[in-house]
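For the sequence shown, position 26 (counting from the first letter as 1) is numbered 40 according to our numbering, and the numbering increases by one without interruption. These notes concern the structure reproduced below.
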Amino acid sequence: MSSEMTETADERLDVRNIDGEPFGDIMAALSSLPEGDTLLLINSFEPEPLYDVIESRGFTYEATEVGPDEWHIEIEHA
């Protein structure tokens with residue numbers, strides 16, 4: 015399933031190498047995400063606190079652990 019996400023995502027944001035807090039980068043990516051497009055967020059852990067923020071901003075998500083220290087979160091407009 016993770017390879018499907020990687021192949022079908024319109025935008026991709028890998029936050030594993032961002033110095034500091036990636037929240038601003040994630041919110042900027044979501045703000046510029048066109049209706050109908052999908053953002054693939056790649057993180058080193060499951061970002062559970064982010065899920066409420068994503069949903070409150072009108073997005074849905076699907077999270078998959080694809081390996082040690084690698085999570086793929088597919089985000090799209092609800």
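Positions of the beta carbon are idealized from the N, C-alpha and C atoms, including for glycine. Treat the numbers as computed from the prediction; the structure is a model and nothing was measured.
Coarse secondary structure for residue i, derived from DSSP in three states
i          : result
residue 32 : coil
residue 38 : helix
residue 43 : helix
residue 84 : strand
residue 76 : strand
Inter-residue spacing [alpha-carbon to alpha-carbon] between residue i and residue j
i          : j          : result
residue 91 : residue 77 : 15 Å
residue 63 : residue 37 : 11 Å
Among the options, the one whose alpha carbon lies nearest that of residue i
i          : options        : result
residue 22 : 53, 29, 45, 30 : 53
residue 42 : 31, 81, 55     : 55
residue 73 : 82, 49, 26, 33 : 49
residue 24 : 47, 33, 35, 31 : 47
C-beta contact flag for residue i and residue j at 8 Å
i          : j          : result
residue 69 : residue 85 : no
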